[in-house]
Amino acid sequence: MQIPIIYLKPGKEQSLKRFHPWVFSGAVKNVRGNLEEGDLVAVHDAHDNFLAYGHYQIGSIAVRVITFRDEVIDDNFWSRKIEAAWNLRKIAGLAGSSHTNAFRLVHGEGDGLPGLIVDMYDTTAVVQMHTVAMYRLRETLVKAMRSVLGEALTAVYEKSEGTLPFKADVDPQNGFIWGRSSTRIALENGLKFNVDWEKGQKTGFFVDQRDNRALLERYSKGRSVLNMFCYTGGFSFYAMRGGASMVHSVDSSERAVQLTNENVELNFPGDNRHEAFAMDAFRFMESSKHKYDLMVLDPPAFAKHMNVVKNALQGYKRLNSKALEQIAPGGILFTFSCSQVVSRDAFRTTVFSAAARSGRNVKILHQLEQPADHPVSIYHPEGEYLKGLVLFVE
Ligand code: SAH
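This is the structure:
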């Protein structure tokens, strides 16, 4: 079968030569062959030199590169990709660990697999496809995962209903595409939690905060803790294990509060140091009289697009101002942004202005980021999204 070819306009090959994995539609001169959304395509420069193979998509990103080598794209190709991702998780101490079995196995471009997210919960893989090409490849990918993971995989749940391009002519249905899961309980640093991949946000749990939660545990002893935007309560049960005197978890979603309570009960049955509230963040902080010694702010992405960054920064400023105003003297604030379009610098500057507004002496103790199972290709800085600061507030 002839692979269609996209020819770039002269000079537009530069970013691909620096291994950036996207071809924007404006860089395309013409196409040879029939091309439909989700097709494999070769990318050539204006002089007909091969540059890359990728997946074609209708939209501002026309091609997402899967390889810069002129190689055969067959089942073995995909197996090698999955194997590389699995090996990296072994190197990072995650695959095969006895105390953590929840981690990201595939992080899109960071693993050379644009459009694909795979999170592991014990032996269940929850996959999310963001491109039609990856969606069409799902059986090949399942085969590849089965051959690479062996007994470490018993089920694959697909959850692409909400993630495929809106206009794509496919009709994904969430559900198991291979096997069945015998358990929904996964482990993170020895703590247990229930994962609701069916109804939960994203793949059911936020695995990206694992290292940051472990850091929080170290600061928790004897402190009263507010875990704002708790979702399934991750930070809360680390704080409890770390010896917090009291933990309050807050989320506007009733379901999230229920999940948090279940997870706390799973790890610390009958422990009355914890209480969860289904309430809006600002309303809670306005009405609460307690001065917490340790606060976590991990809001949802305030900005999903460049054109709303300014509003998002205002949101982060308001939120952090409120926390810095209320936190107890000698308090510790863990504050995060998971908006990809909000840069590390912009976030830091925003928290800086919130600190200045509070008039308190604030020190940065740690600058946080996403963990090793969410790798960022050095050629694709857009893959970096999670940033956080740990502040000491005098
Ligand atoms: N910290 C969590 C992840 C947070 S995800 C963890 O470690 O897993 C963001 C959460 O913010 C979601 O659960 C969402 O329900 C909640 N949320 C969104 N808007 C909110 C608001 N205005 N007030 C309180 N919670 C909110």
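When we follow numbering that gives the first Met the number 0, the leftmost residue of the sequence shown carries the number 0, and every step to the right adds one.
Note that the Cβ used here is the ideal one computed from N, Cα and C, for glycine as well.
- Here Pro9 is exposed: its Cβ has fewer than 16 other Cβ atoms, across all protein chains shown, within 10 Å.
- Of the candidates Asn193, Lys158, Ala154, Leu93, the residue whose Cα lies closest to the Cα of Leu115 is Lys158.
- Apart from the 5 residues on each side of it in sequence, Lys198 sits with its Cβ closer than 8 Å to the Cβ of Arg254 in its chain, given in chain order.
- Ala300 carries a coil assignment under DSSP once its states are collapsed to helix, strand and coil.
- Not a single heavy atom of the ligand SAH lies less than 7 Å from the C-beta of Asp74.
- Here Asp118 is bridged, per DSSP, to Arg103, Val125.
- Below 8 Å, too few C-beta pairs join the region 263 to 281 and the region 206 to 216 to call them touching: fewer than three.
- Taken through DSSP and simplified to helix, strand or coil, Ala275 comes out as strand.
- Closest option to Phe281, judged by alpha-carbon separation, among Asn319, Ala275, Val42: Asn319.
- In the displayed model, Glu150 falls within a helix according to three-state DSSP.
- The C-beta of Ser235 has 16 or more other C-beta atoms within 10 Å across all chains shown, which makes the residue buried.
- Counting C-beta atoms within 10 angstroms of its own C-beta, Glu187 has 16 or more neighbours from the protein chains shown and is therefore classed as buried.
- If one requires a minimum length of 3 residues, the beta strand (DSSP E) runs lying completely within the region 39 to 65 are 39 to 43, 49 to 55, in chain order.
- A residue is called buried when at least 16 other Cβ atoms come within 10 angstroms of its Cβ; Thr348 does not meet this threshold and is exposed.
- The Cβ-Cβ distance between Met294 and Gly330 falls below 8 Å.
- For Met284, the enclosing alpha helix (DSSP H) covers residues 280 to 286.
- Taking all protein chains in view, the Cβ of Glu216 is crowded by 16 or more other Cβ atoms within 10 Å, so the residue is classified as buried.
- Proximity annotation: the ligand SAH has residues Phe205, Gln208, Phe228, Tyr230, Gly233, Asp250, Ser251, Ser252, Ala255, Asp279, Ala280, Asp297, Pro299 in chain order, each selected because its CB is closer than 5 Å to a heavy atom of the ligand.
- Contact check for Val249 and Met227: beta-carbon distance about 5 Å, within the 8 Å limit, so the pair qualifies.
- The Cβ atoms of Ala45 and Leu15 lie no closer than 8 Å to each other.
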